[in-house]
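K.L.:
Handing you this structure, nothing more for now.
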Amino acid sequence: MSPSGAEFIRQIKSQIAQVDPGEVHETLSADATGNGGPVAVIDVRESEEVQRGLIPGAKHVPRGHLEARIEGAVPDRSQHVVLYCASGNRSALAARTLQELGYDNVESMTGGYTLWKDRGYEVEVPKVMTPEQRERYSRHMLVPEIGVEGQQKMLDAKVLLLGAGGLGSPTALYLAAAGIGTIGIVDDDVVDLSNLQRQVIHTTDRIGTPKVDSAQESMNAINPDVKVVKYETRLDSSNIMEIIEGYDVIVDGVDNFPTRYLLNDATVRLKIPVVSASILGFDGQLSVFAPYEGPCYRCLYPVPPPAELAPSCGANGVLGVLPGTMGLLQATEVIKLITGAGEPLIGRLLLYEALGATFTELKVRRDPECAICSREPDEISEDEMGVFPDYEAFCAAAG
Numbered sequence: 167m168s169p170s171g172a173e174f175i176r177q178i179k180s181q182i183a184q185v186d187p188g189e190v191h192e193t194l195s196a197d198a199t200g201n202g203g204p205v206a207v208i209d210v211r212e213s214e215e216v217q218r219g220l221i222p223g224a225k226h227v228p229r230g231h232l233e234a235r236i237e238g239a240v241p242d243r244s245q246h247v248v249l250y251c252a253s254g255n256r257s258a259l260a261a262r263t264l265q266e267l268g269y270d271n272v273e274s275m276t277g278g279y280t281l282w283k284d285r286g287y288e289v290e291v292p293k294v295m296t297p298e299q300r301e302r303y304s305r306h307m308l309v310p311e312i313g314v315e316g317q318q319k320m321l322d323a324k325v326l327l328l329g330a331g332g333l334g335s336p337t338a339l340y341l342a343a344a345g346i347g348t349i350g351i352v353d354d355d356v357v358d359l360s361n362l363q364r365q366v367i368h369t370t371d372r373i374g375t376p377k378v379d380s381a382q383e384s385m386n387a388i389n390p391d392v393k394v395v396k397y398e399t400r401l402d403s404s405n406i407m408e409i410i411e412g413y414d415v416i417v418d419g420v421d422n423f424p425t426r427y428l429l430n431d432a433t434v435r436l437k438i439p440v441v442s443a444s445i446l447g448f449d450g451q452l453s454v455f456a457p458y459e460g461p462c463y464r465c466l467y468p469v470p471p472p473a474e475l476a477p478s479c480g481a482n483g484v485l486g487v488l489p490g491t492m493g494l495l496q497a498t499e500v501i502k503l504i505t506g507a508g509e510p511l512i513g514r515l516l517l518y519e520a521l522g523a524t525f526t527e528l529k530v531r532r533d534p535e536c537a538i539c540s541r542e543p544d545e546i547s548e549d550e551m552g553v554f555p556d557y558e559a560f561c562a563a564a565g
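Quick note: the sequence shown uses my numbering, first residue 167, plus one each step.
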């Protein structure tokens, strides 16, 4: 005779480890102060339940999708995992499932979220997407590494694009489609007929229109929810700190070395990651410069190359589809940085050669003697924060 539902749950609970909410609270508090080991707290309730509140820092993996999505949430099967549901029953079943999947340090929280809340422990009420947003981003939320939490992070994120040209065009369109909540665009140029071979965010009827206006029109046509902040100006030492401050990620699509060095020095000071790409002919390269996590741009290029070794696209041309390839890789890196999915290209330089359809990855190490990132942020005085050298002269000297 098969056991009743209640008896079956009792049998399962006897076969797994359980933990009191008080112990979980202490563990999470220790993690927050850096005195405890990492613990992954997984909420296995349904989305409708989670919308009413969850344990701060918990990742939502519904019980019905546990087998398919848990590896995205907890890739290390030796990590300490605490599962919870409303009362402790579904989490017990989930714990048994994880054991069968090879997770060897799994606990189910007794009493679930109900007991946690009854004891007065902190809860977090997530922002609730509108029905339209849930439909618009539904395919994102099915991806285990993104989910509802990752999509909400994108909706809350602020990303600044430097340039609405070849690289900025695909990046802007896809980040807008992805639901990045605020996208800033810096560009002082107007749309020209010669741009349209590669700058797909613009159209023929917008020739002569400021690129920031044209870009906003295209982005909001795809996703009217995106807030587009326009900076119809050229980035320089007098405005860079004011413009970039407050953004979570910056996308470098500029085409000159003085601005790249200026951007590097300013973002290191403010500790803002930069997703940088460059293109020429059939070749492109890409990296992520995350201050104090890896090398900065100056670690890779302490001085700019001579002008004859770094001609512009205007002088030597560029394959029209190449900015699309590299711009979409930039957009992907932005999403990874915001959601925490995967491994960003920090300390790695990705080279793409379109004629041979080859990708090559080079390791880039942080230079302990770097003129910029070898100094810790607290060593940079307030007086220095907005003061920069003459980058035009610096780059000209290299030639």
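Ideal placement from N, C-alpha and C gives every residue a C-beta, glycine not left out.
Note down, in chain order, each residue of its chain lying with its Cβ closer than 8 Å to the Cβ of A323, except the 5 sequence neighbours on either side.
P.N.:
I346, G347, T348, D414, V415, I504
K.L.:
Assuming contact is defined by CB atoms lying nearer than 8 Å, are I538 and R426 in contact in what I supplied?
P.N.:
No.
K.L.:
For G277, which residues from the same chain have a beta carbon less than 7 Å from its beta carbon, with the 5 sequence-adjacent residues on both sides left out?
P.N.:
For G277, where only same-chain residues beyond five positions count, the Cβ hits under 7 Å are P187, S253, G254.
K.L.:
Quick one: grab the DSSP three-state call for F554.
P.N.:
coil
K.L.:
Per DSSP, what are the beta-bridge partners of H246 in this structure?
P.N.:
V205
K.L.:
When you compare only the Cα positions, how much space is there between N201 and S540?
P.N.:
Annotation note: pLDDT 47 at N201 (below 50); position unreliable, coordinate value reported separately. Taking the straight line from one Cα to the other gives about 28 Å.
K.L.:
Work out the CA separation of T433 and S403 for me, nearest whole Å.
P.N.:
The straight-line gap from Cα to Cα measures roughly 12 Å.
K.L.:
Could you have a look at P376 and say whether DSSP puts it in helix, strand or coil?
P.N.:
strand
K.L.:
Answer yes or no: do A342 and L327 have a C-beta to C-beta separation smaller than 8 Å?
P.N.:
no
K.L.:
Ordered along the chain, which non-local residues of its own chain (more than five positions away) have a Cβ less than 7 Å from that of D197?
P.N.:
Counting only residues of its own chain and dropping the five nearest sequence neighbours on each side, D197 has a CB closer than 7 Å to the CB of P204, V205.
K.L.:
State the start and end residues of the unbroken beta strand (DSSP E) segment that holds Y279.
P.N.:
Element bounds for Y279: not the beta strand (DSSP E) but the alpha helix (DSSP H), 278-284.
K.L.:
Figure out for me which residue from A523, V356, C251, P543 has the closest Cα to the Cα of R400.
P.N.:
V356
K.L.:
Taking a contact to mean a Cβ-Cβ separation below 8 Å, would you say K293 touches Q318 in this structure?
P.N.:
yes
K.L.:
Unbroken beta strand (DSSP E) runs of length 3 or more, entirely within the region 514-552: which are they?
P.N.:
514-519, 524-529
K.L.:
Leaving aside the five residues before and after V440 along the sequence, list all residues of the same chain whose C-beta is less than 6 Å from its C-beta, in chain order.
P.N.:
I416, D418, T433, F455
K.L.:
Candidates I351, Q365, G316: which alpha carbon is nearest R336's?
P.N.:
It is Pro, not Arg, that sits at residue 336 in the sequence shown. Closest by alpha carbon: Q365.
K.L.:
Assign S444 to one of three DSSP states: helix, strand, or coil.
P.N.:
strand
K.L.:
Cβ of V566 within 8 Å of Cβ of K396?
P.N.:
Residue 566 falls outside the range modelled here, since the chain spans only 167 to 565, and no answer is possible.
K.L.:
Work out the CA separation of L488 and V247 for me, nearest whole Å.
P.N.:
43 Å
K.L.:
Got a sec? Which residues, its chain only, sit under 8 Å from I182 by beta carbon, not counting five neighbours each side?
P.N.:
A258, A261, R262, Q265, V272, E273, S274
K.L.:
Please say whether G450 and T491 have beta carbons closer to each other than 8 Å?
P.N.:
yes
K.L.:
Provide the residue span of the beta strand (DSSP E) that contains Y397, from first to last.
P.N.:
Unbroken beta strand (DSSP E) run through Y397: 393-397.
K.L.:
Any heavy atom of the ligand COA closer than 7 Å to the Cβ of S170?
P.N.:
As for the ligand COA, it is missing from this structure, which has no ligand bound.
K.L.:
Leaving out five residues before and five after S384 in sequence, what residues of the same chain have Cβ atoms less than 7 Å from its Cβ?
P.N.:
L339, I367
K.L.:
Is the beta carbon of S453 closer than 8 Å to that of V530?
P.N.:
Contact check for V530 against S453 passes: the beta carbons are separated by less than 8 Å.
K.L.:
Once you ignore the five residues that flank I312 on each side, which residues in its own chain have a CB closer than 7 Å to its CB?
P.N.:
H306, T505, A507
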